[in-house]
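Colleague:
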Amino acid sequence: MRRNVWLPAFVILGFVFLYAPILSLIVFSFNESKLVTVWGGFSTKWYGELLRNPQILSAAWISLKVAVTSATLATVLGTLAAFVLTRFGPFKGRALLTGMSAAPLVMPDVITGLSLLLLFVAMEQLIGWPAGRGMTTIIIAHTTFCMAYVTVVAQSRFASLDESLEEAAMDLGARPARVFFDVTVPVIAPALVAGWLLSFTLSLDDLVVASFVTGPGASTLPMVIFSKVRLGVSPDINALATIIIAIVAVGVGIATWQMRRGARKNGG
Amino acid sequence: MSAVIERVAPLRWTAALLAALGLRGRTLVIAVPMLWLLIFFLVPFLVVAKLSVSEPAIAMPPYLPLVERDGARMTISLSFENFGYLFDDPLYIKAYFFSIRLAFFSAVLTLLIGYPIAYYIARSSEARRSVLLMLVILPFWTSFLLRVYAWQGFLRSNGVINNFLLWTGIIDQPLVMLQTNFAVYLGIVYTYLPFMILPLYANLVKLDEALLEASADLGGRPLPTFFHVTLPLSMPGIIAGFMLVFVPAIGEFVIPELLGGPDTLMIGRVLWNEFFSNRDWPTASAVAIAMLIALVIPIMILRTAQQRVEEE
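Chain order of the listed sequences is Y and X. Position 45, counted from 1, in the first sequence is what full-length UniProt numbering calls 45; the numbers after and before it change by one each time, with no gaps. Position 126, counted from 1, in the second sequence is what full-length UniProt numbering calls 126; the numbers after and before it change by one each time, with no gaps.
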């Protein structure tokens, strides 16, 4: 059979398109010159500058706290929603829950942000909580849209899960809650980890929703990056990007290694 | 856990309310995600709807209450002026059609680029497949904002592409690429490409090779086989990918803001400016409601198309 050369060539171009901008960020982070696109010799000075910038460091810390908290909350709530939707059969409000847990996936960020902000303002007027806006309101907002992603991931895992395991535990006299935590959760754990990581990334990446629902003093990392990038070139952002890419690469490397090891263990 | 419930007032009330109603176990498990989504997803839309018919005011928050009590008299003032305003000012209507058109053509472009890549990955050996898939997903894990920023560095007049073209002598004047609609198309295709490739791949990998072989045995040449067998069978993947690109692209804010010019009026950007620059919350809410309506129509069309293809 004649091998088609056009398809592989196209695919290679596609990957160049995906990776060239990322590589350029890394290369120019080691650039001596302040001009981001003109090479002025090797230097690591932008890394030093980055680490001395208190604004970026505190924003990174806030972002990290928000991402960990909302990813955890979203994983708990999303797993519950997925469990209810795949296992509970018919109940009142099922259609409503199905719709509400899928809709955030296609909701534009600007609408999610605006509607939550208006809710928080209205709630503060009515019941006095949340008092002012800041980290708490960002966490609530992120939890809400990340939850939808966890629900999708967990739902597909629940659907493919062999129910006889749970039935066996039930037959042996375990109560439903015990079965859930001792049998179901360990089996679906990989999906939960995937859902958590997805939520963590989405939360860390979000600019629009956080900009709407934040208050004075709570600037997340994307908000600081955005205001810097809007003003023009800033080489320290390249350094920050390189650090993030390095962390992701290491994380993905470890995950792949773990998965391969797990696969070998199960296979052998 | 119970300590948390004790401390947070809304949780305490909820627990007390549920206990008073004699609800436990199963109902509680349903109630937790349900209540969260009702309060933080559904109710916010009602607030937006309410605000979109309120009158703007210079105050904090910047709008007038709908219901006013004057002694025993209660007046409800609904103002549909915000919506009228959307129709009077051509800016809004233009922004709608521009956003929908731009999102549509970006999705078509993404499909044209993503399809061959997904096809190639699906036809690769198993070991190669997982590496290629990883390479498709990897950019998604790095910050979206930073990837858009990287394109700024590529496209600006003294950027990487222009420097390269000037150096090779292909052009003698830098091309204007940043702050154009071209840059916005590029940015959307770039950031949404993985979302197109993944559903297409998931569909194409399930395709039965026997069908392709049968077509070849019957004398079908590769191209007609592709158009008569592969393409129709991959329709569900195409529609799913199209939905994942087209729908979010309509409301995109960051890409037109950072790569587009002042005339790249996308509806997400209009809403942002209405809210942050003009501080006009009622108009921003009216824009949000209109945007939701504009989104529901294409989603319904794609959903129906999806159901029809799946039935066949």
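Note that the Cβ used here is the ideal one computed from N, Cα and C, for glycine as well. Predicted model, so just to flag it, every value in this text is computed and none were measured.
(1) Between the beta-carbon of M100 (chain Y) and the beta-carbon of L302 (chain X), is there less than 8 Å?
(2) When the cut-off is 8 Å and only beta carbons count, does A3 (chain X) lie next to chain Y?
(3) Judging by CA-CA distance, which residue of Y:G14, Y:L25, Y:P90, Y:I139 is the nearest neighbour of D236 (chain Y)?
(4) Contact defined as beta carbons within less than 8 Å: I believe S79 (chain X) pairs with S285 (chain X). What is the distance between those atoms, to the nearest angstrom?
(5) Does the distance from the C-beta atom of V47 (chain X) to that of L109 (chain X) stay below 8 Å?
(6) Evaluate the contact criterion for the stretch 186 to 205 of chain X versus the stretch 120 to 131 of chain X: three or more CB pairs, one atom per stretch, below 8 Å.
(7) At which residues does the alpha helix (DSSP H) containing R156 (chain X) begin and terminate?
(8) Could you check whether the Cβ of L161 (chain Y) sits closer than 8 Å to any Cβ belonging to chain X?
(9) Please identify the residue among Y:T79, Y:G14, Y:F15 whose C-alpha is closest to the C-alpha of V187 (chain Y).
(10) Could you spell out the range, first to last residue, of the alpha helix (DSSP H) harbouring T137 (chain Y)?
(11) Does the separation of the CB atoms of I22 (chain Y) and P194 (chain X) fall below 8 Å?
(12) Mind checking whether L207 (chain Y) and L86 (chain X) have CB atoms under 8 Å apart?
(13) According to DSSP, simplified to helix, strand and coil, what is F253 (chain X)?
(14) Going by other Cβ atoms of all chains shown within 10 Å of its Cβ, with 16 needed for buried, is Q307 (chain X) buried or exposed?
(15) When burial is assigned at 16 or more other CB atoms within 10 Å of the CB, is S156 (chain Y) buried or exposed?
(16) How many Å lie between S54 (chain X) and L116 (chain Y) at the Cα?
(17) Which of helix, strand or coil does DSSP assign to N31 (chain Y)?
(18) Helix or strand or just coil, what does DSSP make of F88 (chain Y)?
(19) Could you check whether the Cβ of L64 (chain Y) sits closer than 8 Å to any Cβ belonging to chain X?
(20) Grab me the residues of F17 (chain Y)'s own chain with a C-beta within less than 7 Å of its C-beta, minus the 5 sequence neighbours each way, in chain order.
(21) Please list, in chain order, the residues of the stretch 62 to 92 of chain Y that have any C-beta partner in chain X closer than 8 Å.
(22) What does DSSP give as the partner residue(s) for F42 (chain Y) in the beta ladder?
(23) Does any residue of chain Y have a CB that is nearer than 8 Å to the CB of P248 (chain X)?
(24) I want to see whether chain Y comes within less than 8 Å of T142 (chain X), judged by CB atoms only; does it?
(25) Which full runs of the alpha helix (DSSP H) of 4+ residues lie inside the stretch 158 to 198 of chain X, going along the chain?
(26) Could you please give the first and the last residue of the uninterrupted alpha helix (DSSP H) stretch that includes K228 (chain Y)?
(27) What is the rounded straight-line gap between the Cα of R279 (chain X) and the Cα of L271 (chain X)?
(28) Give me the chain X residues within the contact set of P104 (chain Y), using Cβ-Cβ distance strictly less than 8 Å, ordered along the chain.
(29) What three-state label does DSSP hand I121 (chain X) in the structure shown?
(30) The alpha helix (DSSP H) with D205 (chain Y) in it runs from where to where?
(31) With a threshold of 8 Å between beta carbons, is M34 (chain X) in contact with chain Y?
(32) What are the boundary residues of the alpha helix (DSSP H) that includes W272 (chain X)?
(33) Thinking just about the alpha-carbon of each residue, which of Y:A159, Y:A59, Y:N4 is nearest to the one in G134 (chain Y)?
(34) Are there 16 or more other CB atoms within 10 angstroms of the CB of M266 (chain X), so buried, or fewer, so exposed?
(35) Taking contact to mean 3 or more Cβ pairs, one atom from each stretch, closer than 8 Å, check whether the stretch 193 to 207 of chain Y and the stretch 137 to 149 of chain Y are in contact.
(36) Comparing alpha-carbon positions, which option in X:I293, X:V309, X:I297, X:V287 lies nearest F83 (chain X)?
Modeller: Concretely, from the data shown:
(1) no
(2) Caution is warranted here: a pLDDT of 48 is assigned to A3 (chain X), below 50, making its placement in the model unreliable, and no coordinate value can be reported.
(3) Y:L25
(4) S79 (chain X) to S285 (chain X), Cβ: 12 Å. No contact.
(5) no
(6) yes
(7) That residue, R156 (chain X), is in no alpha helix (DSSP H); it is neither H nor E in DSSP.
(8) no
(9) It is Y:T79 whose Cα lies nearest to the Cα of V187 (chain Y).
(10) 135 to 159
(11) Against a cut-off of 8 Å, the Cβ pair of P194 (chain X) and I22 (chain Y) comes out as no contact.
(12) no
(13) coil
(14) Exposure of Q307 (chain X) is indicated by the presence of fewer than 16 other C-beta atoms within 10 angstroms of its C-beta.
(15) exposed
(16) Cα to Cα, S54 (chain X) sits roughly 17 Å from L116 (chain Y).
(17) strand
(18) coil
(19) no
(20) none
(21) L77, G78, L80, A81, F83, V84, F88, F91
(22) Y:N31
(23) The beta carbon of P248 (chain X) sits closer than 8 Å to some beta carbon of chain Y.
(24) yes
(25) 160 to 168
(26) 221 to 231
(27) Roughly 10 Å between the two C-alpha positions.
(28) Chain order gives the chain X residues near P104 (chain Y) as F41, where near means a beta carbon separation below 8 Å.
(29) helix
(30) 185 to 205
(31) Among the CB atoms of chain Y, one or more fall inside 8 Å of the CB of M34 (chain X).
(32) Annotation for W272 (chain X): the continuous alpha helix (DSSP H) segment containing it runs 267 to 276.
(33) Y:A59
(34) Counting the other Cβ atoms within 10 Å of the Cβ of M266 (chain X) gives 16 or more, which makes it buried.
(35) yes
(36) X:V287
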